[in-house]
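In this note's numbering, the protein residues as written are 30 to 191. Glycine residues also receive a C-beta, built at the ideal position from the N, C-alpha and C atoms. Heads up, the thing below is written out as structure tokens.
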Ligand code: THU
């Protein structure tokens with residue numbers, strides 16, 4: 030029997046004053062993106078902004094449907110748009126912001142399991158980490174050095190291809 034453990038590190042910043050200009054810009058773009066959210070059922074708007082290796086930023090927001098499983102998370106809208114338009118550009122960073130009309134969300138919200146699975150496959154294929162920046166409407170920013178931190182025992186396509 031072997032006992033094993035995994036340890037990951039991430040950064041919690043009190044607000045965005047300690048971020049680089051590029052990181053602040055990406056979080057701003059994710060926030061702006063919440064404006065295009067179609068979320069009449071949850072009233073929970075999510076915006077995502079993806080920074081590509083060539084410096085371009087692609088954004089997306091959550092798009093719901095009366096038939097609930099048909100909807101898409103903001104992360105998937107942004108990442109699939111980025112990959113459709115720029116398939117060869119690695120993703121360097123993704124910023125995710127959340128907005129509720131009823132009250133300001135003051136803590137970062139982490140991506141759902143399905144979005145983690147999407148992001149980890151991209152990280153794996155491109156062989157470089159995707160940094161995540163997470164923030165609510167205001168308040169602390171969580172910076173994660175890669176998607177593997179969020180989904181350590183992920184399902185890998187390698188088993189399908191072997
Ligand atoms: N949502 C996202 O856009 N991203 C996540 O990572 C979690 C959830 C959306 C889906 C749905 O439109 C709403 O938030 C409530 O779950």
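- Distances from the CA of residue 92 to each of 77, 85, 171 were compared; the closest alpha carbon is that of 77.
- Using a 10 angstroms sphere on the CB of residue 50, the tally of other CB atoms stays under 16, which defines it as exposed.
- Under the criterion of beta carbons closer than 8 Å, residue 105 and residue 56 do not qualify as touching, at roughly 19 Å.
- Residue 138 holds the alpha-carbon nearest to the alpha-carbon of residue 41 among 89, 33, 138, 69.
- In its chain, beyond the 5 residues on either side, 178 have a beta carbon closer than 7 Å to the beta carbon of residue 37.
- Within the region 76-134, complete alpha helix (DSSP H) segments of at least 4 residues are found at 103-114, given in chain order.
- For residue 160, the uninterrupted beta strand (DSSP E) run begins and ends at 160-164, by DSSP.
- Judged by DSSP secondary structure, residue 55 falls within the alpha helix (DSSP H) whose first and last residues are 50-62.
- In the structure shown, residue 170 falls within a strand segment according to DSSP collapsed to helix, strand and coil.
- Between residue 87 and residue 111, the CB-CB gap stays under 8 Å.
- Proximity of the beta carbon of residue 168 to ligand 1 is not indicated: no heavy atom of the ligand is located closer than 7 Å.
- Judged by DSSP secondary structure, residue 148 falls within the alpha helix (DSSP H) whose first and last residues are 142-155.
- For residue 144 and residue 102, the gap between their C-alpha atoms comes out near 8 Å.
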